[in-house]
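For what it's worth, the working numbering labels the leading residue of the sequence shown as 797, then goes sequentially. Have a look at the structure below before the remarks.
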Amino acid sequence: MMSNSISRGELWLENLAPNVKRLSGLCPSVQAADGELNGEAVRFIAVVPDANNHFPRAAKGEVGLLEGWTLAKVVSETIAADADKAVKRPIVAVIDVPSQAYGRREEGFGIHQALAGAAAAYANARLAGHPVIGLIVG
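Structure representation (structure tokens):
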């Protein structure tokens with residue numbers, strides 16, 4: 797059963813980027829916001845619970861198919877947006893996930909590829925000059 801309270805990831809995202817509009821066009825379980833730390837632009841990204849997730853194994857904040865591909869999308873779009881900038885924005889992954897979304901459907905639809913896509917995007921960000929920070933809050 798899901799509670800009405802927000803997750804630690806959501807709480808930290810709100811505290812790191814207070815009152816900042818979340819990026820649109822993402823699945824509900826991935827939230828991203830552009831904020832500032834010490835006057836510098838930063839992109840914050842978090843995987844959060846979504847009780848209505850199309851894949852029930854990912855409803856409690858697990859990283860599944862939608863989350864993997866969406867993380868890859870957000871990070872790749874960040875790389876593209878900063879491609880011509882001398883200083884690349886840091887990317888802060890706010891980490892509060894219990895696990896990957898293990899399930900027969902997820903395996904059949906290629907969760908390994910979705911999660912590899914996310915990992916590759918983060919690696920590409922580092923190679924492009926973005927500082928990548930993992931903030932484990934849970």
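The beta-carbon is built from N, C-alpha and C at its ideal position, and this holds for glycine as well. All of these numbers come straight from a predicted model, not from anything done at the bench.
| Check | Outcome |
| --- | --- |
| What would DSSP say about Leu931, mapped onto helix, strand or coil? | strand |
| First and last residue of the alpha helix (DSSP H) that includes Gln967? | For the chain, the structure presents residues 797 to 934; residue 967 sits outside this window and is missing. |
| Per DSSP, what are the beta-bridge partners of Phe840 in this structure? | Ala829 and Val888 |
| Of all the options Ser820, Ala837, Ile907 and Asp846, which has the alpha carbon lying nearest to the alpha carbon of Gly805? | Asp846 |
| I'd like to know if the segment 835-844 and the segment 895-904 are in contact, where contact means that at least 3 CB-CB pairs between them fall below 8 Å. | no |
| Excluding the 5 residues flanking Asn920 on each side, which residues of the same chain have their C-beta closer than 8 Å to its C-beta? | Val871, Ser872 and Ile875 |
| Given Gly831, which residues of its chain have a CB within under 7 Å of its CB, disregarding the five upstream and five downstream residues? | Leu812, Ala813, Val816, Val838 and Phe840 |
| Work out the CA separation of His926 and Val844 for me, nearest whole Å. | 23 Å |
| For Ala842, is the classification buried or exposed, using 16 other Cβ atoms within 10 angstroms of its Cβ as the cut-off for buried? | buried |
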